[in-house]
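Data first, discussion second: the structure below is written as structure tokens.
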Amino acid sequence: MNFKSSLTTVATLSIFSTAAAWASSDVIPSENDTFTNWGEESGWTIFVDDTRESCLIERMDENQNVVQMGLTKDHEMGYLGVFTKNDIGLKGKKEKIFLSLDGNVYEAEAHKKTKHLADGYTGGYILANNAQFVDDVMNKYEMTVFPKKEFAFTVSLDGTKKAIEAARQCNTEQST
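Numbering (mature numbering (1 follows the signal peptide of the UniProt record, and there is no 0)), first residue to last: -23 to -1, 1 to 153.
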């Protein structure tokens, strides 16, 4: 199916709210941050980013796609990173993408990440503070990512609801 024609049949439900700090290099954890394994929930690993005093969740699905979710350094927004061994066609530093969660389509700006990733991985992250998007991520089981080119791929969100709830508990513990 052609990506562009499939999008014409689906209305975009929401655009992510964004902050001026998009281009900041400290949106997602850096290689200099220190991490402690806080626990596991439903196939997701929960880490404490000791440098940022916040928590993140990470999971590798059956297709070796890695999904990571956490909070920005200022704790004002969430980020969602997807990293894959497939060439997903991200050419510039940032690019418009679409995400489909069980038919709810979201438009976002993906920021390419290539440094400090495991061998062969590429991908990017988006920022979000859209409550409906967060609810969809927690309650849906798959997310289809449509980069600008025609290649789309699906990542599993199995266990996300319980993992996000555990990460919230972890974040509460860090702030006390």
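Idealized CB from N, CA, C, for every residue including glycine.
- For residue 110, no beta strand (DSSP E) run applies; the uninterrupted alpha helix (DSSP H) run containing it begins and ends at 108 to 116, by DSSP.
- Within the same chain, and ignoring the five residues on either side of residue 121 in sequence, the residues whose Cβ sits closer than 6 angstroms to its Cβ are 77, 129 and 131.
- Taking the C-beta atoms as reference points, residue 143 is found no nearer than 9 angstroms to residue 47.
- For the pair residue 57 and residue 103, the CB atoms are nearer than the 9 angstroms cut-off.
- A straight line joining the alpha-carbon of residue 35 with that of residue 153 spans about 23 angstroms.
- Partner residues in a beta bridge of residue 54, as assigned by DSSP, do not exist.
- Inter-residue distance for residue 98 and residue 44 is about 12 angstroms (C-alpha atoms, whole angstroms).
- Beyond the five residues adjoining it in sequence on each side, residue 139 comes within less than 6 angstroms, by CB distance, of 18 and 19 in the same chain, given in chain order.
- Sequence-distant Cβ neighbours of residue 22 in its own chain, meaning closer than 6 angstroms and more than five residues away, are 35.
- Assignment of residue 45 by DSSP, reduced to helix, strand and coil, places it in the strand class.
- Ranking 53, 84 and 38 by CA distance to the CA of residue 5 puts 53 first.
- With 16 or more other Cβ atoms from the protein chains shown falling within 10 Å of its own Cβ, residue 50 counts as buried.
- With a cutoff of 9 angstroms on beta-carbon distance, residue 112 and residue 38 are scored as not near each other.
- With fewer than 16 neighbouring CB atoms inside 10 Å of its own CB, residue 149 falls in the exposed class.
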